[in-house]
Every structure is written in C-alpha cells, then in structure tokens.
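Peer 1: So the working numbering is basically just the index in the sequence shown, starting at one, shifted up by 1195.
Built from N, CA and C at the ideal position, the CB exists for glycine as well.
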Amino acid sequence: MRVTLTEMHWLDEHQQLSLSELVQISGLTEKELRQLADYGVITPLDPDAASWTFSSDRVTMARIACRLRHDFDLDTQGLAVALTLIERVHELEERLRQLSARLPQVAP
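1. Say yes only if the C-beta of K1226 is nearer than 6 Å to one or more non-hydrogen atoms of the ligand COA, and no if none qualify.
2. The beta strand (DSSP E) that contains L1212, what's its start and end?
3. If you check the beta carbons only, do T1238 and A1232 fall under 7 Å apart?
4. As an exercise, report each continuous beta strand (DSSP E) stretch of at least 3 residues that is fully enclosed by the region 1246 to 1281, in chain order.
5. Less than 7 Å between the C-beta atoms of S1215 and R1258, yes or no?
Given below as structure tokens:
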C-alpha cells in the first residue's frame, strides 16, 4: 500500500506572499522565480521593492511551472513560453465563457 502525503495551503485571494514563501510553496528555486519575473511571467506586486511580494494567484502559475520543469525538463526560458501560452488559453477560455453567457439559451 502506498501512502502519499499532501500539504495544503489555504490562500485568500487578497493574501500576499514573500519571495521565500513562494519558493517554499511552489517548489521552484529563488533563481528560477527571479528569472520568470524577469520574463514577465510570475511578476511581483512591486518589482522595484527591496523585498518582493506576490499575489496569491501567482502560486498556481508557480506550481504549474514546477510541474512543467519536472515533467519536461524545461529551462526557465521554456517555462516562460509555456506559462505565457497557458495564461493566454485561460484568458481566452474566460472570454468564451463570458460570450457564451450572453447568448440566448436554446431548450433541447
């Protein structure tokens, strides 16, 4: 029998995380997160601040980046491209949902 331990973090949408907290939660290194921030993919709330903080919604993207890095052995540049495309797909899906909601519903 195999037992898998899972760690959960409950995040409020208004919660902010420090760089070290995002490193711990995401599984990425600080260097990787800094590089992804340089590429504009996982951006801190204030890039000019002495210590970076991130909105809690960046945790999802950081965790996806960690899985992509592990599963496909991507470097940070590859991660940046993949994350940009994933984010674009999410935006388009949301736009499609909004447009679909405007259409009259047809009864079967």
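Peer 2: Reading from the atomic positions:
1. With respect to small molecules bound, the structure shown includes none, and the ligand COA cannot be examined in it.
2. Counting from 1 along the sequence shown, the entry for residue 1212 is found at position 17. That run of the beta strand (DSSP E) goes 1211 to 1213.
3. Translated into the one-based positions of the sequence shown, residue 1238 becomes position 43. Translated into the one-based positions of the sequence shown, residue 1232 becomes position 37. Result yes, Cβ atoms of T1238 and A1232 sit closer than 7 Å.
4. Listed in chain order, they are 1248 to 1250.
5. The count along the sequence shown starts at 1 and reaches residue 1215 at position 20. The count along the sequence shown starts at 1 and reaches residue 1258 at position 63. In terms of Cβ geometry, S1215 and R1258 do not form a close pair [threshold 7 Å].
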